[in-house]
Every structure is written in C-alpha cells, then in structure tokens.
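Per my numbering: the sequence shown = residues 7 to 364. Each residue gets a CB set at the ideal place from its N, CA and C atoms; glycine is no exception. Computed from a predicted structure; not experimentally measured. Everything below concerns the one structure shown next.
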Amino acid sequence: MGLHRVVALVQPPQAEFELASVAEVFGLDRPHLPSRYEFTVCTERPGIVPTKTGCALSVTTGLDALTGADTVVIPAWSQKDMPASPLVLKEIRAAHARGARLVAICTGAFLLAEAGLLEGRRATTHWRYAAELAARYPGVEVDADALYVDLGDIATSAGTAAGIDLCLHLVRSDHGAALASKIARHMVMPPHREGGQRQYAVEPVEEASESLAALLEWAAEHLHLPLTVDDLAERGRVSPRTLARRFDDQLGTSPGQWLLSQRISAAQALLEDTDLPVEGIAARVGLSSALNLRRRFRDRLGTTPAAYRRAFGRSTVDGDGVGSDRVGSETVGRDMVGKGMGGKGRGGEDMVGRGMAG
C-alpha cells in the first residue's frame with residue numbers, strides 16, 4: 007500500500023501554528039513508528055509566502071500538487087474577508103469531485119463554504135468566527151461548540167489546537183487508535199480532549215477558585231476506586247447540583263459522563279499497551295467486573311475489549327501493520343455519547359468531536 011498523500015494549501019499571510027500542527031501529525035518521520043503519510047505544502051504562487059508573524063515560508067510547489075492528493079488541508083485562511091482566487095476555488099472543487107478528503111482548520115472553513123462545498127452540511131470553525139460563518143453562509147449548519155466535525159469527505163475543526171485534535175482523529179480513523187495514541191505521546195498531548203470549544207470561549211465562566219482542574223486530576227488518579235458523583239461532590243466540597251453545573255459550564259458534560267469516559271479511556275490505554283486480562287483492567291479502571299467493562303465498551307465503542315485489543319494492541323502497532331479495523335460507527339455528543347471511534351470513513355454517518363474521551 008502506498009503512502010497517503012496529504013497536501014496543505016497555504017496562502018499569505020499564513021498562520022504558522024495551524025500549518026505546523028498539520029505537519030507535526032502528518033509530515034514528521036518518527037523512529038519506531040511506521041510511515042503512513044506523505045506530506046507536501048503548496049500555494050497558488052510558489053515562492054516566498056509571508057506569515058502572520060513576519061516570518062516567511064519558502065514554498066516551491068504550486069496547485070498542481072492537489073491533483074494527486076488523497077487529503078487536502080486548509081490550515082486556516084487568513085484572507086477570509088476577501089474573495090478567494092477563482093483558480094483556488096476551482097482546484098478545491100476539483101479535488102473534492104475527484105474523491106480527495108478536504109480538511110479545514112479554523113478559518114479554513116470559510117474557503118470551503120465559499121467553494122459551495124458546505125452547503126446543507128454541518129461544519130465548525132473557531133468560536134470567535136462561528137456566528138460570522140453562519141451569517142455569511144446561511145446554508146451551512148454551523149456547530150459552534152464542536153472541536154471538529156468529520157463528514158467523511160469533508161472535515162472541519164475549531165481554532166488552533168482543535169486542528170491537532172482533528173488531525174489525530176483522522177489518523178485514528180485511517181489507521182487505528184494505537185498509531186494516533188503513539189503520535190499524541192510523541193507530541194506530549196492527550197489523544198482525545200474533553201468537552202467542546204465552548205469551555206474556551208470569551209471569559210472563564212467561573213473564578214479560578216471554582217476551577218475543576220484539581221478535582222479532575224484527583225479523580226483521574228483514583229479511577230480504580232468505585233467513585234460516584236456524590237464522591238466527586240464531597241471531594242470538591244460542593245453539592246452534587248453545583249458540581250453538575252460546574253461540569254456543564256466548564257466541560258460541557260456531566261460528572262457521570264466524564265467519569266465513565268475517563269474509565270473507558272483508561273481501559274483503552276491498558277488494552278493497547280499491556281497484556282493484562284480484561285478482569286484486571288476492569289478492576290484498575292473502577293468498572294468492578296469484566297462483564298461491566300464489556301457492557302460499557304459495547305455501549306460506548308460498539309465493540310468488545312477483546313476485539314479492540316486485537317485491532318489496536320501492542321503487537322498490532324509494533325509490527326509492520328497498524329490497527330486499521332474500524333470500531334463503532336458514529337460519534338455524536340460531547341464525550342462520545344452512544345458510539346464510537348472509527349467514524350464513517352467515506353460513506354457512513356458523520357462524526358462530531360466534542361472531546362472523544364475514549
């Protein structure tokens with residue numbers, strides 16, 4: 007199998023972080039990890055491309071690179087208030103018609119909308135520009151809270167760091183959770199994030215003294231205990247009702263859903279990285295029994311722990327192959343409510359990422 011060709015389309019002034027995020031996931035060769043992607047940067051007029059911070063990029067490849075792309079990424083589009091080049095729009099539409107996957111990070115969604123490719127479809131962008139996107143393109147169903155939306159043929163993300171979330175999600179969809187987790191570890195970041203972008207918008211909803219950070223850290227370190235929502239409330243010295251409000255305000259989810267997502271996520275990591283029996287994993291993550299773990303796995307991921315380990319365990323990643331079996335069918339909701347990890351690929355349901363915490 008040949009390498010999956012990822013082409014990033016840049017435009018002056020280019021936002022460096024968004025481009026660097028894409029390159030970090032798809033463009034770096036990492037020791038001990040199989041190469042799965044070939045990465046190229048292109049622009050309409052090859053040469054020196056200014057950036058938003060005064061640096062410059064030397065881009066030697068033109069729009070002809072899009073012809074052979076399997077995935078085209080627009081890592082933000084700084085000139086969203088100006089009409090896009092007719093040639094760029096033509097090539098973007100042609101790439102989509104040919105079957106290339108289109109990925110827009112942050113304001114990159116404006117280019118796809120201008121090309122008419124988001125009409126009647128769901129998309130997201132940075133929370134600061136969500137209302138503008140909806141107003142300018144009323145035919146687009148703008149989800150202002152999602153970290154990313156994956157429709158299979160088109161994927162969009164919220165601002166900046168959410169682009170990394172989306173790129174890791176695409177790796178997970180293409181080649182399995184194990185490879186995505188390995189790349190995330192190299193980047194020193196979690197493979198999934200909790201909640202939607204609402205938690206990052208405008209001003210903090212509560213004072214620092216009411217932050218959940220310390221409680222979340224404590225709970226994550228004590229997953230082996232049979233923690234309940236009441237236990238979390240007692241630890242946080244608040245009522246269960248106040249705790250629920252803070253979780254909704256700060257994370258966009260409930261305490262119970264967050265706790266279950268953490269348990270499932272921890273179980274996934276143990277299935278990927280250890281040979282512990284399912285019963286032992288259930289005990290370590292506070293799910294009491296192998297039967298309970300299997301039921302939760304089935305409800306959340308649409309698969310069993312054994313099948314997940316076969317697809318994404320250490321032997322799958324450390325050998326020539328990377329787990330590519332698809333797990334589950336649809337992700338909807340803030341923290342993987344209902345279904346799973348694999349997404350629809352190119353023909354099933356769409357995926358909305360509000361922190362795929364499992």
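Residue i versus residue j: straight-line alpha-carbon distance, rounded
i: LEU72; j: LYS86; result: 20 Å
i: PRO232; j: LEU293; result: 7 Å
i: VAL65; j: LEU257; result: 40 Å
i: CYS48; j: GLN17; result: 9 Å
i: GLY53; j: ALA62; result: 10 Å
i: ASP255; j: LEU123; result: 33 Å
i: TRP224; j: PRO40; result: 35 Å
i: VAL94; j: GLY33; result: 23 Å
i: GLY160; j: VAL109; result: Here residue 160 is Ile; the residue named in the question, Gly, does not match the sequence. Cα to Cα, the separation comes out at about 6 Å.
i: VAL194; j: GLY242; result: 28 Å
i: LEU4; j: ALA219; result: Absent from the model: residue 4. The displayed extent of the chain is 7 to 364, so no value can be given.
i: GLN268; j: LEU276; result: 12 Å
i: ALA273; j: GLU285; result: 11 Å
i: LEU282; j: SER84; result: 49 Å
i: ARG304; j: THR310; result: 6 Å
i: ARG290; j: THR280; result: 12 Å
i: PRO144; j: ALA313; result: 43 Å
Residue i - containing beta strand (DSSP E), residue span
i: GLU44; result: 43 to 49
i: VAL78; result: 77 to 81
i: ARG107; result: 107 to 111
Same chain, Cβ closer than 7 Å to residue i, five either side skipped, listed in chain order
i: TYR135; result: THR113
i: GLY74; result: ARG11
i: PRO56; result: PRO18, PRO19 and ALA62
i: GLY91; result: A small fix is needed here, since residue 91 is Ser in this sequence, not Gly. GLU50, listed in sequence order.
Residues of its chain near residue i, where Cβ-Cβ distance is below 8 Å and the 5 sequence neighbours each way are ignored
i: ARG42; result: LEU9, HIS10, VAL177, ASP180, HIS181, LEU185 and VAL328
i: LEU139; result: ALA115, PHE116, ALA119, ALA129, THR131, VAL146 and VAL148
Local conformation of residue i per DSSP, three classes
i: ARG36; result: coil
i: PRO89; result: coil
i: SER3; result: The chain is shown only over 7 to 364; residue 3 falls outside these bounds and no answer can be derived.
i: ALA225; result: helix
i: GLN256; result: helix
i: HIS192; result: helix
i: GLU147; result: strand
i: GLY169; result: helix
i: GLN17; result: coil
i: ILE174; result: The amino acid at residue 174 is misidentified as Ile; the sequence shows Leu. Of the three classes helix, strand and coil, the one that applies to LEU174 here is helix, per DSSP.
i: THR248; result: helix
i: LEU95; result: helix
Sequence-distant residues of its chain with Cβ nearer than 6 Å to residue i (five each side left out)
i: SER295; result: ALA288
i: ARG99; result: ALA121
i: GLY169; result: GLU24, SER27, ILE111 and SER163
For residue j and residue i, believed in contact at Cβ under 8 Å, the rounded distance
i: VAL78; j: LEU174; result: Contact flag wrong, Cβ pair sits at about 18 Å.
i: ALA152; j: ALA82; result: ALA152 to ALA82, Cβ: 17 Å. No contact.
Run of the alpha helix (DSSP H) containing residue i, from where it starts to where it stops
i: ASP305; result: 296 to 307
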